[in-house]
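Numbering (the numbering used here), first residue to last: 262 to 356. Heads up, the thing below is written out as structure tokens.
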Amino acid sequence: MSFQRIFEMVKRQGMPLVITDGQGKDPLIVLPLDMYEALADGQALGAPPSTQEGEKEPVIIPVKEKPSPAESDLLADLSIEERFYIESLEEDKNS
């Protein structure tokens, strides 16, 4: 594969191409000039667009659901046999 074909493919695809060396030498990365300029300017690839002034990003807080007190009281009043289905290990083999 010629370098010209590699350059054309990278330009067409619009994404970086990593070329590795089987002898363990450092890999090469071929990327479109626009991407290189963005990296040189300090912009990260695939970074979400920054928010405008005055616009706040949403705050996401994970919520862990706890059983309600009524459910906890119900479970506490039940015996182990009532909480779980218990089946005998010895079954009638003649059935």
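Glycine included, C-beta positions come from ideal geometry on N, C-alpha and C.
First through last residue of the beta strand (DSSP E) which encompasses L289 = If you look at L289, you'll find it in the beta strand (DSSP E) that goes L289 to V291.
Helix, strand or coil at V279 according to DSSP, with G and I counted as helix = Note: V279 maps to strand in three-state DSSP.
Can you tell me where the alpha helix (DSSP H) with E254 in it begins and where it stops?
-> Any property of residue 254 remains undetermined from this structure, which presents the chain solely from 262 to 356.
Taking Cβ positions, are P288 and D282 nearer each other than 8 Å?
-> With respect to the 8 Å criterion, P288 and D282 are classified as neighbours on the basis of their beta carbons.
S290 and V279: beta carbons closer than 8 Å?
-> This sequence places Ile at residue 290; Ser is not what is there. Closer than 8 Å, so yes.
When the distance is taken between beta carbons, is L336 closer than 8 Å to R344?
-> L336 is positioned such that its CB atom lies closer than 8 Å to that of R344.
K272 to P293 span [Cα, whole Å] | 6 Å
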